[in-house]
Amino acid sequence: MIKLCISCDSLARAVGADQVAEAFEREAAQRQLPLQIQRTSSRGLYWLEPLLELESAEGRLGFGPVMPEDVPGLLEALDKGGEHPLALGPVEQIPYLKTQQRLLFARAGITRPLSLDDYQAHGGFEGLRKAALMDGDAVVAAVLDSGLRGRGGAAFPAGIKWRTVRQAPAGQKYIVCNADEGDSGTFADRMLMEGDPFLLIEGMIIAGLAVGASKGYIYVRSEYPDAIRVLNEAVMLAREAGYLDVTGSGVAFELEVRVGAGAYICGEETALLESIEGKRGIVRAKPPLPALEGLFGQPTLVHNVLTLASVPIILAKGAAFYRDFGMGRSLGTLPFQLAGNVRQGGLVERAFGLTLRELVEGYGGGTASGRPLKAAQVGGPLGAWVPPSQFDTPLDYEAFAAIGAMIGHGGVVVADDTLNMAGMARFALQFCAEESCGKCTPCRIGSTRGMEVVDRLIASSDPAAREDQAHLLRDLCDTMQYGSLCAMGGMTAYPVASALKHFPADFGLASPEAAQ
Amino acid sequence: MPEETLDLPLIQRVLDNHKEVPGALLPILHAIQQGLGHVPDEAVPEIAHALNLSLAEVRGVISFYHDFRTSPPARHTLRLCRAESCQSRGAEALAAQLREQLGLDDHGTTADGALSLRPVYCLGACACSPALELDGQVHARLTPERLQALVKSCRVEAGA
Ligand SMILES: Cc1cc2nc3c(=O)[nH]c(=O)nc-3n(C[C@H](O)[C@H](O)[C@H](O)COP(=O)(O)O)c2cc1C
Ligand code: SF4
Ligand code: FES
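Protein chains in written order, with our numbering: chain A, 1 to 516; chain B, 1001 to 1160.
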């Protein structure tokens, strides 16, 4: 019997995994070869997808990227011991994977997303079992001690939020999972929800136990239909298996998946709460903090997918285990996401502290086009464009803040020398204009004015006039950065100002501080 | 009997199903759009009545979110990703290709009503940019040839 694994992840399928699986079924039937295909989550080695894994005595052997037309040849090779041009050897020995520190993505590519048995056989629900025997204060203390910071972008210490919500007196409290993942260049939330949904559910149940919340919402963007389907099924399976009738405390935990509707701003936590309440996604002024007055006016713990999914690991292995990863005040691991013009795009979970160069040049293998590397945008559409001269900066929240950039949700978009940075600055402003909730002027009006300034700057042939426009653009960035209510307007200044600072030539400006 | 009134049973069923749901407006709009392909205007008073909202509140929500449509979609909807990762891999050239070959601008529809083009900002496929979504199915590692084949599968007349 030949046992194969092929991923059912939506991106693996977007590059042909279903067609490859079908071709195997068809060819094997024709040859009357006994064959079994398991559809697992993805390893996140996307440049190798569709990745075929063959179960063998030496562990799983990889082949990829496989196209349907490779299947007949592969079947012959599998029969004869596995020599094939697409052969990659044992998957777990592939350096890209072997050198990672996978905590959150420990099961990625190994288990079937909706198999409770697989989940339990690989350490699932250990954290919940421990948490159920602990006092809520002790669970909160573990999260505090672990050093875990919010993975949604702002990197606020998670334990402090937990303590606030726990201490808030209220009849009804909520856990809200922010699965709006709108940032270009990011896909870790999607991979986790599609591939290991029980981990997120386990994290949310633990959070509910710890802060005294009996209801949880997962707000998923509508662009992720597979994640929505998998989560709905996983919630049902977990409920049927009794995991939501929480162990020990007698309180049942209710979980509901809510679907966004294509508004980037609904990733901002207060706009997200408005959206769950059935309103337009308009940002709320803070205070009050959502931890005290959140969903339907009640204390609410809002966290990103990765933050909540880290919790079972912290409980299962201990806060000390978790905080041993990382550097400074950036503790634990972060699943970095390599995207854009990069040869080896995929998910790289590592402890904080490796450099951007190790990530982009080491794991990524440089640009996909083979052309010179120009910059990388780290942290999504509100993140700065970082020039190669700053690539030795360690991936650490504080180190990135010190160079006027941010790590955000860990997405890295690589660009080669053909990408025009004035165009990208204009795009950042256009995106902000389109997605602004409209509540405050610097963001709503500033973004549109900014586009006009970039247009005038590029169109102008007079160097002095260009300098004037550049000056105006910098001023506008300042106004947006310091005068906006939320980071949508506030941080749109990052990609714009960084493009202007590091790549003045793209704007037709003289370069006093040439970047490269 | 105007054709639209045929939609009322579905709308009523959706509203009944969401009676007990707090903050039900988005799930209701999604369910109606899924059932009817769009959110017809005659749904608005029904929804407003069921949720005790004003017409303006319901309309405000429908227009705020990019996903909700108030008129029926074309037979096929192609959402081309235009966010940074896909831009760095040639998404703008793909958009230009659609403009030249089909006369399709962002938000445009071919004259035969077969295909609408909409921009989308990230499909989570960025490790294999550029990407698009055609009728709910994501395709990544796009090339100009692949895009052309996908469009052809919708049987759009060139230059329509
Ligand atoms: C414009 C904007 C978009 C955001 N989008 C997201 C998002 O898609 N996912 C997310 O987890 N956080 C997003 N955030 C951050 C959230 O507001 C909030 O900080 C986060 O959900 C808190 O969770 P954490 O503590 O786990 O990071 C966004 C913030 C802003 C200003
Ligand atoms: S900065 Fe923009 S998105 Fe944020 S509150 Fe102001 S207008 Fe809304
Ligand atoms: S930017 Fe296009 S899929 Fe993410």
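Built from N, CA and C at the ideal position, the CB exists for glycine as well. In this text, all values refer to a predicted model and were calculated from it rather than measured experimentally.
Coarse secondary structure for residue i, derived from DSSP in three states
i: H303(A); result: strand
i: S56(A); result: strand
i: H1139(B); result: strand
i: C1122(B); result: coil
i: A168(A); result: coil
i: L315(A); result: helix
i: H1076(B); result: strand
i: C477(A); result: helix
i: F336(A); result: strand
i: N178(A); result: strand
i: L1150(B); result: helix
i: D245(A); result: strand
i: R456(A); result: helix
i: D1067(B); result: coil
i: K215(A); result: strand
i: G62(A); result: strand
Through-space distance from residue j to residue i, alpha-carbon basis
i: Q101(A); j: L334(A); result: 9 Å
i: Q36(A); j: V235(A); result: 27 Å
i: R192(A); j: L200(A); result: Note that residue 192(A) is Leu in the sequence shown here, rather than Arg. Each residue's Cα considered, the two are about 8 Å apart.
i: L1006(B); j: L295(A); result: 36 Å
i: T247(A); j: K1019(B); result: The pLDDT assigned to T247(A) is 49, lower than 50, so where the model puts this residue is not dependable, and the model offers no usable value.
i: L1094(B); j: L1134(B); result: 14 Å
i: Q481(A); j: Y494(A); result: 8 Å
i: L114(A); j: P225(A); result: 16 Å
i: V305(A); j: R60(A); result: 29 Å
i: A29(A); j: G62(A); result: 22 Å
i: S222(A); j: T1077(B); result: 15 Å
i: P65(A); j: P72(A); result: 15 Å
i: I175(A); j: Q377(A); result: 31 Å
i: P523(A); j: A510(A); result: This structure cannot speak to residue 523(A), because chain A is shown only from 1 to 516.
i: E293(A); j: A285(A); result: 12 Å
i: V386(A); j: T393(A); result: 10 Å
i: Q93(A); j: I313(A); result: 24 Å
i: Y243(A); j: M204(A); result: 11 Å
i: G1103(B); j: C1154(B); result: 15 Å
i: K374(A); j: C440(A); result: 34 Å
i: F187(A); j: G340(A); result: 12 Å
Rounded distance between the beta-carbons of residue j and residue i, thought under 8 Å
i: F1064(B); j: G281(A); result: 7 Å
i: A499(A); j: M424(A); result: 6 Å
i: E53(A); j: L4(A); result: 7 Å
i: L48(A); j: L88(A); result: 7 Å
Same chain, Cβ closer than 7 Å to residue i, neighbours up to 5 away in sequence not counted
i: M1001(B); result: Because M1001(B) sits at a pLDDT of 43, beneath the cut-off of 50, its placement in the model cannot be relied upon, and the following sentence gives the value as read from the coordinates. For M1001(B), where only same-chain residues beyond five positions count, there are no Cβ hits under 7 Å.
i: E269(A); result: N178, P290, V302
i: A271(A); result: I265, G281, I282, V283, C437
i: D9(A); result: S41, S42, M191, E194, G195
i: P1130(B); result: C1081, C1086, R1089, G1090, A1091, L1094, L1142
i: P372(A); result: D416, D417
i: I6(A); result: A17, V20, A21, I37, R39, P50, L52
Proximal residues to residue i (C-beta, below 8 Å), its chain only, five neighbours per side dropped
i: L1055(B); result: V1044, P1045, A1048
i: P90(A); result: E58, G59, R60, L61, G62
i: A487(A); result: G153, A154, E268, L382
Cutoff 6 Å; reference residue i; Cβ partners in own chain excluding five residues on either side
i: E435(A); result: Y264, I265
i: T300(A); result: Y174, V176, P290, G294
i: P34(A); result: M1
i: A1140(B); result: A1125, C1128, A1131
Any non-hydrogen atom of ligand 2 closer than 7 Å to residue i Cβ
i: K286(A); result: no
i: K439(A); result: yes
i: R449(A); result: no
i: Q1088(B); result: Position check: residue 1088(B) holds Ser in this sequence, whereas Gln was assumed. Flag unset: Cβ of S1088(B) not near ligand 2.
heavy atom of ligand 3 below 7 Å from residue i C-beta
i: L1123(B); result: yes
i: S184(A); result: yes
i: S214(A); result: no
i: E1084(B); result: yes
i: S964(B); result: Any property of residue 964(B) remains undetermined from this structure, which presents chain B solely from 1001 to 1160.
i: C486(A); result: no
i: C1154(B); result: no
Closer than 7 Å: residue i CB and nearest ligand 4 heavy atom
i: V496(A); result: Of the ligands one can find in the structure shown, namely ligand 1, ligand 2 and ligand 3, none is ligand 4.
Residue i Cβ short of 7 Å to ligand 1 heavy atom set
i: T164(A); result: no
i: H502(A); result: no
i: H1066(B); result: no
i: V156(A); result: First, the residue type needs correcting, since residue 156(A) is Phe and not Val in the sequence shown. It does: the Cβ of F156(A) is within 7 Å (strictly closer) of some heavy atom of ligand 1.
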